[in-house]
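Read the structure below first, then the notes.
In our numbering, the protein residues as written are 36 to 176.
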């Protein structure tokens, strides 16, 4: 056990540069040897399970739903575009509005943003705080 601590100490000791791959491999191999020695049956079972997962490429986690993945991509894209827009706006104060590109390029971006706004307005959920009053119900009272 002291050899593991000695090897780990060399790996985490304050130093510059990347860890020595040979030392890392030795520490991992030694750690696995300890696991195998502690419970050989469980170690072999884990190896078999990991190999089966690798062959079938199946993970234990449920795959992300396609709608959730697309929503995440949309959010990330809009966030990234907003950051880039703010950065270009700051740059334009010193270098001029040509940092945004040509007029045609900016217009193309505006069209894309307008199309996205249209998609979100048409297909996105309606605002739940808007009440629709049916005129027939008012007359009945």
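For glycine and all other residues, C-beta sits at the position ideal for the given N, C-alpha and C.
Query                                                                                                                           : Result
Within this structure, are the beta carbons of residue 135 and residue 123 separated by less than 8 Å?                          : yes
Quick check: what's the CA-CA separation for residue 150 versus residue 157?                                                    : 10 Å
Starting from residue 160, follow the alpha helix (DSSP H) in both directions and report where the run begins and ends.         : First-last for residue 160: undefined, no H or E at that position.
Are the C-beta of residue 134 and some C-beta of chain D separated by less than 8 Å?                                            : Looking for chain D here will not work: only one protein chain is present.
Measuring only the C-alpha atoms, how far is residue 162 from residue 86?                                                       : 50 Å
How far does the alpha helix (DSSP H) with residue 85 in it reach, from first residue to last?                                  : 75-91
Once the 5 residues before and after residue 95 are set aside, which same chain residues still bring their CB inside 6 Å of it? : Note that residue 95 has pLDDT 49, beneath the 50 cutoff, so the model's placement of it is unreliable and the number below is only indicative. No residues qualify anywhere along the chain.
For residue 72 and residue 78, I'd like the C-alpha separation in whole angstroms.                                              : 9 Å
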